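Colleague:
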Amino acid sequence: MEAGYVAPRMAADVFRLVGSVLDNRYRIDSVVGEGGFGVVYRGFHLAFGQPIAIKCLKVDARFQGDARALFLRKFREEASFLARLSQHPAVVRVFDLNVTTSPTAVEVPYLVLEWLEGMELEVWLSHRAMRGLPLKIRFEVTPESDWLYGVNISNWPEGYDSKDARPVEVELRHD
């Protein structure tokens with residue numbers, strides 16, 4: 001471990017899902033992250049025998065009736081969009097979308113995603129900063145780099161801003 005390294009704080013299991021099995025298919029093993037809109041769990045696909053990521057959406061309790069229905073519809077639309085994008089090798093694959101009820105009787109919409117081994121760009125940048133290395137990085141999207149090249153952004157949903165991708169949402173892999 002590098003001098004000055006501070007391990008990230010373990011996110012809370014706000015839905016109390018660790019140790020449970022969703023839909024008799026997905027075992028939830030641990031919390032890997034939490035943000036304003038959701039919690040990401042590391043899980044295991046029981047039928048396929050492989051690790052997965054399960055992203056659970058936090059639905060604001062103030063959303064009732066039509067507002068809640070609209071929020072959930074937008075979540076399904078975004079999941080469908082991600083599933084279309086995931087046909088590209090540089091985009092995480094989507095396996096499933098569903099809703100479960102947590103042990104606290106809260107309805108929890110969730111996505112089951114491909115598990116990626118690697119390091120978040122945000123963590124990589126932090127490590128560079130601690131070592132006094134330059135933080136500016138440059139990459140190009142070209143046919144040669146194949147990083148998101150060929151993803152047809154003209155079909156993105158109205159109102160979707162491609163600049164929403166933050167360093168915490170970019171995973172670096174050693175492929």
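Just so you know, our numbering puts the end of the sequence shown at 175, numbered straight through with nothing missing.
Every residue, glycine too, gets a C-beta built ideally from N, C-alpha and C.
Since this is a predicted model, take the numbers as computed values, not measurements.
1) Which parts of the region 61-112 are runs of the beta strand (DSSP E), unbroken and 3 residues or longer, counting only runs that do not cross its ends?
2) Buried or exposed for residue 146, going by 16 or more other Cβ atoms inside 10 Å?
3) Return the chain-ordered list of same chain residues with a C-beta closer than 8 Å to the C-beta of residue 44, the five sequence neighbours on each side being excluded.
4) Taking buried to mean at least 16 other C-beta atoms within 10 Å of its own C-beta, is residue 85 buried or exposed?
5) Using only the alpha-carbon positions, how far apart do residue 122 and residue 128 sit?
6) Going by CA-CA distance only, name the one from 32, 63, 98, 68 that's closest to residue 80.
7) Leaving out five residues on either side along the sequence, give the residues of the same chain with a beta carbon under 6 Å from the beta carbon of residue 82.
8) DSSP on residue 32, reduced to helix/strand/coil?
9) Give me, in chain order, the residues of the same chain whose beta-carbon lies closer than 6 Å to that of residue 114; leave out the 5 immediate sequence neighbours on both sides.
10) Hey, out of 90, 65, 108, 107, whose CA is closest to residue 177's CA?
11) What is the DSSP secondary structure of residue 116, counted as helix, strand or coil?
12) For residue 118, tell me which candidate among 63, 32, 16 has the shortest Cα-Cα distance.
Modeller: Once the coordinates are examined:
1) 94-101
2) Caution applies to residue 146, whose pLDDT of 46 falls short of 50 and renders its modelled position unreliable; the model cannot decide the point.
3) 26, 27, 29, 50, 51, 52
4) buried
5) 10 Å
6) 98
7) 94
8) strand
9) 92, 93
10) As displayed, the chain neither begins before 1 nor continues past 175, which places residue 177 out of reach and without an answer.
11) coil
12) 32
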